[in-house]
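Asker: For the record, the sequence lines run as chains W and R. Plus 32 on top of the position in the first sequence (first one is 1) and you've got our numbering. Going by our numbering, the residue at position 167 of the second sequence is 153; the numbering climbs one at a time, nothing skipped. The structure that follows is given in the form of structure tokens.
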Amino acid sequence: MGLLSDPVRRRALARLVLRLNAPLCVLSYVAGIAWFLALAFPPLTQRTYMSENAMGSTMVEEQFAAGDRARSLARDFTAHRRKSGALPVAWLERTMRSVGLEVYTQSFSRKLPFPDETHERYMVSGINVYGILRAPRAASTESLVLTVPCGPDSTNSQAVGLMLALAAHFRGQIYWAKDIIFLVTEHDLLGTEAWLEAYHDVNVTGMQSSPLQGRAGAIQAAVALELSSDVVTSLDVVVEGLNGQLPNLDLLNLFQTFCQKGGLLCTLQGKLQPQDWTSIDGPLQSVQTLLLMVLQQASGRPHGAHGLFLRYRVEALTLRGINSFRQYKYDLVAVGKALEGMFRKLNHLLERLHQSFFFYLLPALSRFVSIGLYMPAAGFLLLVLGLKALELWMQLHEAGVGPEEAGKTPGSSPPHPPTQGVGLASLVAPLLVSQAMGLALYVLPVLGQHVATQHFPVAEAEAVVLTLLAIYAAGLALPHNTHRPLPCRVVSTQAPDKGWMALKLVALIYLALQLACITLTNFSLGFLLAASMVPAAAVTKPSGPRPLYTALLVLTSPAATLLGSLFLWRELQEAPLSLAEGWQLFLAALAQGVLEHHTYGSLLFPLLALGLYPCWLLFWNVLFWK
Amino acid sequence: MAAAVRIFLLVLLLLGPGGWGQAEPPRDSLREELVITPLPSGDVAATFQFRTRWDSELQREWVSHYRLFPKALGQLISKYSLRELHLSLTQGFWRTRYWGTPFLQAPSGAELWAWFQETVTDVDESWKELSNVLSGIFCASLNFIDSTNTVTPTASFKPLGLANGTDHSFLRYAVLPREVVCTENLTPWKKLLPCSSKAGLSVLLKADRLFHTSYHSQAVHIRPVCRNARCTSVSWELRQTLSVVFDAFVTGQGKKDWSLFRMFSRTLTEPCPLALESRVYVDITSYGQDNETLEVYPPPLTTYQDVILGTRKTYAVYDLLDAAVVSNSRSLNIQLKWKRPPENEAPPVPFLYAQRYVSGYGLQSGELSTLLYNTHPYRAFPVLLLDSVPWYLRLYVHTLTITSKGKENKPSERSPQPAPPPPLPLHVPQHLSSQGYIHYQPAQDRMQPHLLEMLIQLPANSITKVSIQFERALLKWTEYTPDPNHGFYVSPSVLSALVPSVVAAKPGDWEESPLFNSLFPVSDSSSYFVRLYTEPLLVSLPTPDFSMPYNVVCLTCTVVAVCYGSFYNLLTRTFQIEEPRKGGLAKRLANLVRRARGVPPL
């Protein structure tokens, strides 16, 4: 402030910002991207360490040995499932009861807003079965959850078998201090959501379900298990949850500890942990893992049943058994031992998991980047917007007081009304129009699906996606001079650039605010959007090479970012997409995005439709300002 | 010689009044009893009761000679003018849904309630001292009982013993849900027994087995009772009860057959020589249609049939004082064999049970919900619900809703059919019981908890949901417990009800009936009294990161320093150069202040 109160130095600073603006912006953007890529390299990644004292050492002797029982249970489950064609509720109840659990069921039903093409479901109704192991001498105040989501295809039967065998083993032990809930959900995540909502007695997504008869206090942690074969070559751990929420890092550390102890091969994002950190290969591999994690987290969808637990502040992760063509394979005993160890350690917890990080990025299973280290990357990107906004502000300001300064007549009264007032009034129309477009984008596709199916030969899901795209494209064709027909036209006397400058200034601040807020809660999403939208937002103006700007702006629109991310994602997974496949995947992703907003409360779709798309339209307006 | 005679005379003199002068010396008697109940779930519950009865006016006269009655407790009664004292220490939770209605349930943790005599002037002070003394006697953290967890129930806890008036201002009730019960609490409890753990039933009380169970509850109940049938004078009764539930799966390694040895790793050899009565009851009632689901060995010499908790029960009785029972094999190891595995039959669901939970998510608000199940096919009955909620959960009383069968069930509304007469152990004024009863005492921050008592009519075969919303308060940073992220406990709700019986009980002689049947006074034969507790709740409050204050202090100081310095600079500096254009916001602000100060603007 001392600097700003001195008019001479202030003017010097302003001049510096104005003159060096472009290089500063470029530098800042490059620094942001470089910082992000550097996150995968050792000085910025740290080794993970267990923060929670209660889980500190791995002094647990795993005794689970009932691999045969698990396999036979899995076979029975598959047989009963095939016979009944749905979840064999009666068999599950009987088996759980014979193991010594308190067994309850919950039925639920949900009508999706439009048919889900990928999972082929519309009117969903199912039954969840869960058994509670009551800890002796505890009053059911705390519990742990082991959940197995069962989809319509019975690929998860081995997980059910292992879960039941584990339940039988756990039931014979006396050391439990927390109740353990063994949960089998039908229709995978929909069932999990129904159960969680009923357990917490809330209704977030319009699910209809019967109330739960049995509860076990506050859930402290949950593990979701997905196994599709009797043997696995590696266990993949999934942490990204709904809206990019992550479980406490200690839970992941716990899993990793038991992976090491049991000699299990564990992967993250399907990638092995790089062994060699000194050469360039290790960090390069971890860049891939990091990018995959960023893409997964940015999508905001629950990548496994654990993702839905995170909303209720239940630390959770999904373990996915992968059976590939590697030579060394592990049977269910090894997986069961790892789970037993994890549950015994979680049983030791005195407090909720809170000691370690909740915000982190994982370039490898045993390495993490903490929030303090990754935030600068996004900060640098947002600085570009700030610098641009400052430049515009100063230009606007100078334009307003320009004649005064030029004339050097401090005594003469200014002939114009205050400049900013006019500028702002002319901005109201474009702002309103673009927000209205966003609202239409959010509301109309689902609302108007029936109208669309009546008039066009398309299915509901297609109708939603196509309406979405149509409205999105229609936004581009809107009249771009909405500022003109305003009654108070005083613009003519002003500098001609003033209008778009003011609009761009507002748009820049709007974008910067949105991105900053998103980055704070979901870094990956914020960073991806910033990396794609910032350059175009910074350079857009009505003068200059307009076709180039147009192309750049279209390429960095939210939808294009989504499309690009899909290609990048598949590229990193070493399953590259062709263009046609990519387009199909894009359409499916759009439908899934809308669906997940309605079924699980994922926030990506409203964020893009109500926040970023209107903001982007403002830049489009700037580009075509007349 | 003369000296010796004199001493002899002196001894005679001293002994005289005690030896001959009193026609009837204060009598005391001990009865001990063990009830073994196979539970519907296949587990086995064992309930010990030791009852010491002392025909003495502890409060009227100054008593110095104690025989069977423990002196520590006797002195407590006279010192604090107690009328009744009930203390229970419990680890685990009685699962009424699966285990059936208990003889006597206790909430998880420690529960203490006491009635004081009407002569006590400062009840709160006596209560505080009493809890501290008991804390020492039972090695429990009862000293944590203070005004923030003590309530004065108006209706739920009536004196169980002889009482003239029931002015509830002499009642205090507190629960510590967090209390952990272990051997250190068992040892002092055992020391109060006349035979300690040397002889009689108490030889079975070995800590290593008792704490290897699903549920462990030990309690002490002191109350005045009638000395004779006409109730002309008062005796004091001390009941020490201990209930454990053995887990069929863990302890029996899958087998559900039981023996005393398997449960306690001891057998019974001899009765306590001080005991007037020493009996073991084994519940051999068959639940199914066909008889003989379980078999007891050795075959009992006598059986006892009565209506217990509304159903007809048959007990095999082993009287340890009967020489034939023990002397055959020099030790009594009662064995229980299931003829058919019990899981084939659906466990009979008790008429009344409850469940409690916190709903909602997030750290701002939530909802306490209690589900009350009435499974009686055609009888509705009222339940008195008591909730004591700590002050840091701010209850919104206007959100209190009671719904049963989808309809609102107002506690203050007149019920369609006239409610039964007020239950005897519940203290509801006559005129209120027919139109419902609700009592709410709001909390005071850091002073007293919320108290909510309601009489709710449970329709037949229904689930009634009682829910009330709350907001989580932000505590002062020194008020958090050492492990704040564990959460904060909310003590269980208490349900007191008169549940309709299936079979009418015939009134028997109270003094002669077995101990497990005579804890609660019986009002009429058509219903029985049940007091149930729900599970305690664990609620997480917004908890600061306790390494944060340092960061916050640093940040705030920096921000304040920077802002203050700059503003001070702006306000006090005299500018030499006149700027032609209007200044920015800071300058305008500065000018405003300067104008107010009367200094020429910049």
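Think of the CB as a built atom: it goes at the ideal place given N, C-alpha and C, for glycine as much as any other residue.
1. With contact counted as at least three CB pairs below 8 Å, one residue from each stretch, are the segment 382 to 402 of chain W and the segment 297 to 314 of chain W in contact?
2. Quick check: the segment 11 to 23 of chain R against the segment 247 to 263 of chain R, are there 3 or more CB pairs under 8 Å?
3. Could you run through the segment 220 to 247 of chain W and flag, in chain order, every residue whose CB is less than 7 Å away from some CB of chain R?
4. Quick check on Asn171(R) - is its C-beta less than 7 Å from some C-beta in chain W?
5. Taking 7 Å as the CB-CB limit, is Leu571(R) close to chain W?
6. Under 7 Å, Cβ to Cβ, is there at least one residue of chain W near Leu191(R)?
7. Which residues, in order along the segment 74 to 86 of chain R, keep a beta-carbon less than 9 Å from a beta-carbon of chain W?
8. Pick out whichever of Tyr514(R), Leu98(R), Thr227(R), Ala310(R) has its Cα sitting closest to the Cα of Thr297(R).
9. So Leu524(R) contacts chain W; which residues on that side make the cut at Cβ distance below 7 Å?
10. Would a check of beta-carbon distances place Gly383(W) closer than 7 Å to chain R?
11. So, does the CB of Pro168(W) fall closer than 7 Å to a CB anywhere in chain R?
12. So, using beta-carbon positions, are Ala171(W) and Glu111(R) closer together than 7 Å?
13. Hey, does Glu521(R) have any beta-carbon neighbour from chain W nearer than 7 Å?
14. Are the segment 407 to 425 of chain W and the segment 132 to 140 of chain W touching, with three or more C-beta to C-beta distances below 8 Å?
15. Alpha carbon to alpha carbon, what distance is there between Thr389(R) and Arg252(R)?
16. Residues in the same chain with beta-carbon distance under 7 Å from Ala563(W), minus the five sequence neighbours each way, listed in chain order, please.
17. Between the Cα of His335(W) and the Cα atoms of Leu364(W), Phe390(W), Gly276(W), which residue gives the shortest distance?
18. Using 7 Å as the limit for Cβ to Cβ distance, is Tyr344(W) near chain R?
19. Checking contacts by CB at 7 Å: is Leu578(R) closer than that to chain W?
20. Applying the criterion that 16 or more other CB atoms from any shown protein chain within 10 Å of the CB defines a buried residue, is Lys393(R) buried or exposed?
21. From the beta carbon of His338(W), is the nearest beta carbon of chain R less than 7 Å away?
22. State buried or exposed for Trp244(R), treating a residue as buried only when at least 16 other CB atoms are found within 10 Å of its CB.
23. Closest Cβ-Cβ distance between Gly273(W) and chain R: below 7 Å?
24. Taking Tyr423(R) and Leu441(R) to be in contact with their CB atoms under 8 Å, please state how far apart those CB atoms are, rounded to whole angstroms.
25. Could you work out which residues of chain R lie near Glu494(W), taking near to mean beta carbons separated by less than 8 Å?
26. Listed from N- to C-terminal order along the chain, which residues in the segment 285 to 299 of chain R have their beta-carbon within a distance smaller than 7 Å of any beta-carbon of chain W?
27. Only counting the same chain, and skipping five residues up and downstream in sequence, which positions put a Cβ closer than 7 Å to that of Phe143(R)?
28. Which residue wins for smallest C-alpha separation from Leu196(W), given the options Leu371(W), Ala544(W), Gly117(W)?
29. Hey, is His472(R)'s beta-carbon within less than 7 Å of any beta-carbon in chain W?
30. So what does DSSP say about Thr389(R), is it helix, strand or coil?
31. When every heavy atom of the ligand FAD is checked, does at least one fall within less than 6 Å of the C-beta of Ala410(W)?
32. Once DSSP output is grouped into helix, strand and coil, what is the label at Gly163(W)?
33. Given this structure, state the Cα-to-Cα distance separating Glu70(R) from Thr105(R), to the nearest angstrom.
34. Give me the chain R residues within the contact set of His386(W), using Cβ-Cβ distance strictly less than 7 Å, ordered along the chain.
35. Does DSSP put Trp101(R) in a helix, a strand or coil?
36. If you measure beta-carbon to beta-carbon, which residues of the segment 350 to 368 of chain W are closer than 9 Å to chain R?
Answerer: Working from what's here:
1. Cβ pair count under 8 Å is three or more, so yes.
2. Contact between the segment 11 to 23 of chain R and the segment 247 to 263 of chain R is established, with three or more Cβ pairs separated by less than 8 Å.
3. Shown in chain order are the members of the segment 220 to 247 of chain W whose Cβ falls below 7 Å from a Cβ of chain R: His232, Asp233, Val234, Arg247.
4. Here residue 171(R) corresponds to residue number 185 of the second sequence, with the count starting at 1. No, because no Cβ of chain W sits closer than 7 Å to the Cβ of Asn171(R).
5. Position 585 of the second sequence, counted from the start, is the residue given in the question as residue 571(R). Interface annotation, Leu571(R): not in contact with chain W, CB-CB separation never under 7 Å.
6. In the second sequence, counting from the first residue as 1, residue 191(R) sits at position 205. At least 7 Å separates the CB of Leu191(R) from every CB of chain W.
7. When C-beta distances to chain W are compared with 9 Å, the residues of the segment 74 to 86 of chain R below that value are Thr76, Gln77, Gly78, Phe79, Arg81, Arg83, Tyr84, in chain order.
8. One-based indexing of the second sequence puts residue 297(R) at position 311. Closest option to Thr297(R), Cα to Cα, is Tyr514(R).
9. As a first step, residue 524(R) is located in the second sequence; it is residue number 538 there, counting from the start. The contacting residues are Thr173, Glu174, Gly249, Ala250.
10. Taking the first sequence and counting its residues from 1, the one referred to as residue 383(W) is at position 351. According to the sequence as given, residue 383(W) is Glu; it is not Gly. It does: the Cβ of Glu383(W) has a partner Cβ on chain R nearer than 7 Å.
11. For this step, residue 168(W) is matched to residue 136 along the first sequence. Pro168(W) counts as touching chain R.
12. Along the first sequence, one-based indexing puts residue 171(W) at 139. Along the second sequence, one-based indexing puts residue 111(R) at 125. Against a cut-off of 7 Å, the Cβ pair of Glu111(R) and Ala171(W) comes out as no contact.
13. As a position in the second sequence, residue 521(R) is number 535, starting the count at 1. So yes, Glu521(R) belongs to the interface.
14. Contact fails: fewer than three Cβ-Cβ distances are below 8 Å.
15. For this step, residue 252(R) is matched to residue 266 along the second sequence. For this step, residue 389(R) is matched to residue 403 along the second sequence. Approximately 50 Å, taken between the alpha carbons.
16. Indexing the first sequence from 1 puts residue 563(W) at position 531. Same-chain partners within the cutoff: Ile65, Leu413.
17. Here the question's residue 335(W) lines up with position 303 in the first sequence. Taking only the C-alpha atoms, the option nearest His335(W) is Gly276(W).
18. Walking along the first sequence from the start, residue 344(W) turns up at place 312. Answer yes: the Cβ-Cβ gap between Tyr344(W) and chain R drops below 7 Å somewhere.
19. On the second sequence, position 592 is the one that residue 578(R) refers to. The beta carbon of Leu578(R) does not come within 7 Å of any beta carbon belonging to chain W, so the residue lies off that interface.
20. Walking along the second sequence from the start, residue 393(R) turns up at place 407. Exposed.
21. As a working note, residue 338(W) is residue 306 in the first sequence. No, because no Cβ of chain R sits closer than 7 Å to the Cβ of His338(W).
22. Taking the second sequence and counting its residues from 1, one reaches residue 244(R) at position 258. Buried, because 16 or more other Cβ atoms sit within 10 Å of the Cβ of Trp244(R).
23. Counted from its first residue, the first sequence places residue 273(W) at position 241. Taking Cβ atoms only, chain R never reaches closer than 7 Å to Gly273(W), which makes this a no.
24. Residue mapping note: residue 423(R) aligns to position 437 of the second sequence, counting from 1. Residue mapping note: residue 441(R) aligns to position 455 of the second sequence, counting from 1. Right, their Cβ atoms sit about 4 Å apart.
25. Taking the first sequence and counting its residues from 1, one reaches residue 494(W) at position 462. Correct list: empty, because the minimum Cβ distance to chain R is about 36 Å.
26. Only those residues of the segment 285 to 299 of chain R whose C-beta falls short of 7 Å from the nearest C-beta of chain W would be listed, and there are none.
27. Here residue 143(R) refers to the residue found at position 157 of the second sequence. Once the five neighbours on either side are set aside, the close Cβ partners of Phe143(R) are Trp99, Leu157, Tyr159.
28. The residue you call residue 196(W) lines up with position 164 of the first sequence. Out of Leu371(W), Ala544(W), Gly117(W), Leu371(W) has the C-alpha closest to the C-alpha of Leu196(W).
29. By one-based count along the second sequence, residue 472(R) stands at place 486. With 7 Å as the cut-off, His472(R) counts as an interface residue toward chain W.
30. If you number the second sequence from 1, residue 389(R) lands on position 403. In this structure, Thr389(R) counts as strand in the three-state DSSP scheme.
31. With respect to small molecules bound, the structure shown includes none, and the ligand FAD cannot be examined in it.
32. Indexing the first sequence from 1 puts residue 163(W) at position 131. Here Gly163(W) sits in strand by DSSP.
33. As a first step, residue 70(R) must be located in the second sequence, where it is residue number 84. As a first step, residue 105(R) must be located in the second sequence, where it is residue number 119. Roughly 14 Å separates the two Cα atoms.
34. Numbered from 1 along the first sequence, position 354 holds the residue referred to as residue 386(W). Asn471, listed in chain order.
35. Along the second sequence, read from residue 1 onward, the residue named residue 101(R) stands at position 115. Looking at Trp101(R) - three-state DSSP - the assignment turns out to be strand.
36. Those would be none; no residue qualifies.
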